[in-house]
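Protein chains in written order, with our numbering: chain A, 614 to 861; chain B, 294 to 931.
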């Protein structure tokens, strides 16, 4: 396969970036999207160019480190798939591909396709946990959780923190990410003690980081590699109003 | 050098409690005067940093990823073992200890293995309290599944994402401490050297991967929880960034490396399909609970798998190991696959794979039940290969996975450098020559949550009077200069071969000569070839850009430079062990029916290697293994 790429190049956070054209040849349709970029970089290195910086690590769809906009879609055209799990068989020979970073107000570009997603860590740090020190835990089976509740909590807990929801949202909102953690811990019995403070603190932190508001377009769910449901956002809103009432 | 493992006296089942009740303590008021550096934020690193933070120590936590939650523990799929005996099927701490010791082919320490089994019980409690959503039965109690090498069900799981959920539990505990200010987090920082003052580990040199800046950090103790080095084979199940650099640089500063050639080749990964691949994705061992492994009885059978009738299939694991069948341990399953593939029965376009077939389980349990257990794995398989495993068998193949070898540590998880600890996969301690499935998450977690907090305190108790350690000490300057020089050297070569290209070449040498099967002749050849490749690397590698910026190629170059030395040590290690044990299979030492032949009289010891300078032969030290509770037997799964 031969492909025509348009890639966002930006020296560092303070520089202006621009789209640069590259043509790659001899692309095997079984290559992953990132292996296609590896191929481009090896060619660039050997011809004296500067390789493209992009985020990636596990390359099996679970670490959440990879992620670029491909033809305007977070993680590319295939549903519920991270960039690393997207394969070139999804593209046509001779196709033009536009590759940009996960842009958002709260995700500043660091270099080329890499962005700073540390805001997510700070949201978790503000309350996305159960306060239990090592050694304090009771015997595991004393906390009974029905199969249905566990499965519901798990559906929220699978978030990989890639930021596709933010990148795809026209408002640059992080509510799907934040709601998924709030939902997991407010469904489970272990999370009940901090149910009120957690939602208030996490939403406050989310706002402080400069993420936009949710206007219910539901685009985030469509592009989420884990298919996390927007119903968790409804639950977060419920938890937030409940917390405000209980705090009065 | 005399290696003292510092195993506590007393009966096996009392050793850890004896240690805990006699270990020195640090008064809560003194803890904040003590600084601990933790490198790596996988299960071992995150859980330790969080636990030490909770206790009141000053902790600095480093990872090369952009957030701690991405460390490679996240990718472990199938589960975590614990001797809870919730299934009432005869499990106990002793049984788990015995399974693990036997699984490791009697090449690990009894006391360490027993302690891991003992602490497993607490880990499940801790994780559940954190909100980790383990699989449950309909009544709300915790569920278990079976894993390779055992005959009980002791594996706890969160669908096929157990590592992710356990890591998120530890990550959230860590971020809670970061929020409280007890832990300072340095993401996108890579450790490039450990700093020794008067023989003790006193700090590290790290590089900020976003800016290229070199930084000094001082501490009273340094902990390496930096994972395994299976990525040395280039094609492996590991993440692209996994590396052996932290432990290798510690090794060059004096920490001994134990049994580095003991690398687990996992039987169920996706096969190699061309030279463009950057990794081989793992398909969890848990699939072997419901999947049957087979190859066609006729070599080069051109038929599609579903067209081959039952009687013309060779379910070779069920045939050779009837007692354990498809759940035979990993080393044995991988070798059995290689035997069939080498004999010409491999399947797939490159004839390098075997089938993993779910047809019978789907027929018996229904597709929905199988989807609930392994849905994400089947989806992943579909995305990568384009094939639907609900309709036809998966194609799988062995791939480099876990390093049982690592830094030599004593019972306190301390290396031969005082004040330098190694946890989780970075050490060698618990798995012997072969790790059992679902023991990896376990070891990382118990090292971090339950063991190191005691043993590090025991060390730090004598450091209360040390006072603050200055990064202006000449030892920091020297280490920093060394790191800067290496960066300048790598960038200055300006050759014509990429770093990945060297890495691929090294990987091929290791797969060929220091992989599933090894021979004296092959290993000698590999040592020669790696030496030549290393020389070529320093003449012709191309590292673009410079050191004072974000530069992924430079990061990779540093790691491959280390791999080019570590790979050679692996070959020396394999060459000097004239026996077969666990994952280490020397073709010269096998039984008539192709099973590993151990030599307890001559090789019942841990090989601990000392760095002896560049381009010289490393020095071998031996730690004898003493078995007081279980007499080593020939390991049989038949």
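Where is the CB? At the ideal position from N, CA and C, for every residue including glycine.
Model, not experiment: these values are computed from the prediction.
With 8 Å set as the bound, which would you pick, yes or no: does the beta-carbon of residue 411 (chain B) sit closer than that to a beta-carbon of chain A? no
Where does residue 598 (chain B) sit, in a helix, a strand or coil, going by DSSP? In the structure shown, residue 598 (chain B) sits in a helix (DSSP, three-state: H, G or I).
If you draw a straight line from the alpha carbon of residue 358 (chain B) to that of residue 631 (chain B), how long is it in whole angstroms? 35 Å
Establish whether the CB of residue 382 (chain B) and some CB of chain A are separated by less than 8 Å. no
Residue 723 (chain B) in three-state terms, based on DSSP: coil
How long is the line joining the alpha carbons of residue 792 (chain A) and residue 346 (chain B), rounded to whole angstroms? 27 Å
So residue 726 (chain A) and residue 667 (chain A) are supposed to be a Cβ contact under 8 Å. How far apart are they, rounded? At roughly 4 Å, the Cβ-Cβ gap stays under 8 Å, so residue 726 (chain A) and residue 667 (chain A) are in contact.
Taking residue 338 (chain B) as the reference, give the member of B:721, B:714, B:846 and B:895 with the closest Cα. B:714
So residue 913 (chain B) packs on residue 700 (chain B), CB below 8 Å; how close in whole Å? Going by Cβ atoms, the distance from residue 913 (chain B) to residue 700 (chain B) rounds to 16 Å, so no, they are not a contact pair.
Within the segment 776-825 of chain B, ranges of the alpha helix (DSSP H) (whole runs, at least 4 residues): 792-806
For residue 378 (chain B), go through chain A and note every residue whose CB falls closer than 7 Å to its CB, in chain order. Result: empty, since nearest Cβ-Cβ is about 11 Å, beyond 7 Å.
Strictly below 8 Å CB to CB, what residues from chain A border residue 735 (chain B)? None at all; the shortest Cβ gap to chain A is about 14 Å.
Using the DSSP secondary-structure output, state which residues sit across from residue 621 (chain A) in a beta bridge. A:632
Do you know whose CA, among B:805, B:806 and B:857, lies nearest residue 828 (chain B)'s CA? B:857
Could you tell me which chain A residues have their CB closer than 7 Å to the CB of residue 667 (chain B), listed as they occur along the chain? Result: empty, since nearest Cβ-Cβ is about 14 Å, beyond 7 Å.
Contiguous alpha helix (DSSP H) assignments of at least 4 residues, all confined to the segment 747-804 of chain A: 760-770, 777-781 and 788-800
Judging by CA-CA distance, which residue of A:756, A:701, A:732 and A:750 is the nearest neighbour of residue 824 (chain A)? A:732
Quick check: the Cα distance between residue 790 (chain A) and residue 736 (chain B), rounded to an integer number of angstroms? 30 Å
Which whole-angstrom value describes the C-beta separation of residue 467 (chain B) and residue 354 (chain B), a residue pair presumed to lie in contact below a C-beta threshold of 8 Å? That belief holds up - the Cβ atoms of residue 467 (chain B) and residue 354 (chain B) are roughly 7 Å apart, short of 8 Å.
For a test of the three-state rule: what should DSSP assign to residue 351 (chain B), helix, strand or coil? strand
Under the DSSP definition of a beta bridge, which residues are partnered with residue 557 (chain B)? Checking the DSSP bridge columns, you'll see residue 557 (chain B) partnered with B:695.
Note down, one range per segment and in chain order, each alpha helix (DSSP H) of at least 4 residues found wholly within the segment 343-396 of chain B. 386-396
At a CB distance below 9 Å, what residues from the segment 557-573 of chain B approach chain A? Give them in sequence order. 566, 567, 569, 570, 571 and 572
Terminal residues of the continuous alpha helix (DSSP H) containing residue 668 (chain B)? 660-678
Closer than 9 Å, Cβ to Cβ, to anything on chain A: give me those residues from the segment 833-850 of chain B, in chain order. 835, 836, 837, 838, 842, 843, 844, 845 and 846
Got a sec: is the Cβ-Cβ distance from residue 670 (chain A) to anything in chain B below 8 Å? yes
CA-to-CA distance, residue 877 (chain B) to residue 555 (chain B), given in whole angstroms: 6 Å
So which of B:604, B:755, B:799 and B:333 has the shortest CA-CA distance to residue 493 (chain B)? B:755
C-beta neighbour in chain B for residue 706 (chain A), strict 8 Å: no
On the three-state DSSP scale, how would you describe residue 653 (chain B)? helix
Using a Cβ cut-off of 7 Å, which residues of the segment 623-635 of chain A contact any Cβ in chain B, in chain order? none
Checking contacts by CB at 8 Å: is residue 717 (chain A) closer than that to chain B? no
For residue 486 (chain B), the residue or residues it bridges with in DSSP: B:498
Straight-line CA distance for residue 530 (chain B) to residue 563 (chain B)? Roughly 9 Å separates the two Cα atoms.
Near-chain A residues of the segment 310-328 of chain B (beta-carbon distance less than 7 Å), N- to C-terminal order: Taken residue by residue, none of the segment 310-328 of chain B has a beta-carbon sitting less than 7 Å from a beta-carbon on chain A.
Residues in the segment 675-696 of chain B with C-beta within 9 Å of chain A's C-beta atoms, listed in sequence order? 676, 677, 678 and 679
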